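Undergrad:
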Amino acid sequence: MTTISVLMPTYRDSAAAIETAELLHSQLRPTDELLIVDNGSGVEHQQPCEAFMRQHPGVAIRLLICDTRGSYAARNMGAEHARGDILAFIDAGCLPCAGWLEAIRAHFAAHPGSRVAGPIEMTYKYSPPALVELVDARVHLNQDRYVSEGWAATA
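When we follow numbering that gives the first Met the number 0, the leftmost residue of the sequence shown carries the number 0, and every step to the right adds one.
This is the structure we're talking about:
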């Protein structure tokens, strides 16, 4: 059976991490896992993530603490600790649609050894977007091109 490790870096935003984890935990199969990788936020942000883990005892959720700054360091740490056959990357605050993990699983069943990336739709829930966010969303998130080049962006 194919297993998925979902890797989610977070920094000083436990509310966003929990919002994303809420949408993911029901999609995880018993053999899958969610790795929340805290990038040195401190105990006030780690405690809510630990509480979320305790509220879902039947789901494999682990909190890792990455002392090296940067989301890429956190992603790499998550990848080093992942147990799944497939690594799925998502950032805290991203809102995966229903069936996200099943779509990933189906893709790899049909195309083993491939790469896949989905669209990134920017939302501005808490404030209007800054100019740099608008440019980034419009110009720099071309997932189709990125995957053809062997990589993908994360939001």
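Glycine included, each C-beta is placed from N, C-alpha and C at the ideal position.
Just so we're clear, the structure is a prediction, and the values are computed from it rather than from any experiment.
Taking Cβ to Cβ, would you say isoleucine 35 is nearer than 8 Å to alanine 20?
TA: The answer is yes: Cβ separation under 8 Å.
Undergrad: When we look at the beta-carbon of aspartate 66 and count the other beta-carbons within 10 Å, is it buried (16 or more) or exposed?
TA: Exposed, because fewer than 16 other Cβ atoms sit within 10 Å of the Cβ of aspartate 66.
Undergrad: Taking all protein chains shown into account, do 16 or more other C-beta atoms lie within 10 angstroms of the C-beta of valine 131, making it buried, or fewer, making it exposed?
TA: exposed
Undergrad: Enumerated in chain order, which unbroken segments of the alpha helix (DSSP H) with a length of 4 residues or greater are wholly contained in the stretch 3–63?
TA: 13–24 and 42–54
Undergrad: Can you have a look at serine 4 and say buried or exposed, based on whether 16 or more other CB atoms are within 10 angstroms of its CB?
TA: By the neighbour-count rule (16 or more Cβ atoms within 10 Å), serine 4 is buried.
Undergrad: Taking the beta strand (DSSP E) that isoleucine 103 falls in, what are its first and last residues?
TA: Isoleucine 103 -> not in any beta strand (DSSP E); alpha helix (DSSP H) instead, spanning 99–109.
Undergrad: Report the option in Leu94, Cys93, Glu101 and Pro47 whose CA atom is closest to the CA atom of aspartate 155.
TA: A question about residue 155 goes unanswered here, because the residues of the chain that appear run from 0 up to 154.
Undergrad: DSSP has leucine 86 in a bridge; who is on the other side?
TA: Ser4
Undergrad: How should glutamine 26 be labelled, buried or exposed, when 16 other C-beta atoms within 10 angstroms of its C-beta is the threshold for buried?
TA: buried
Undergrad: Run through DSSP, which three-state label would glycine 92 get?
TA: coil
Undergrad: If we ignore side chains and look at the alpha-carbon of each, how far apart do leucine 94 and glycine 117 end up?
TA: 12 Å
Undergrad: Return the CA-CA distance between histidine 110 and arginine 28, expressed in angstroms with no decimal places.
TA: 20 Å
Undergrad: May I have the straight-line CA-CA distance separating arginine 68 from aspartate 90, to the nearest angstrom?
TA: The alpha-carbon atoms of arginine 68 and aspartate 90 are separated by roughly 15 Å.
Undergrad: Check whether the Cβ of alanine 16 lies closer than 7 Å to any heavy atom of the ligand NAD, and answer yes or no.
TA: Looking at this structure, you won't find the ligand NAD or any other ligand, since it has none at all.
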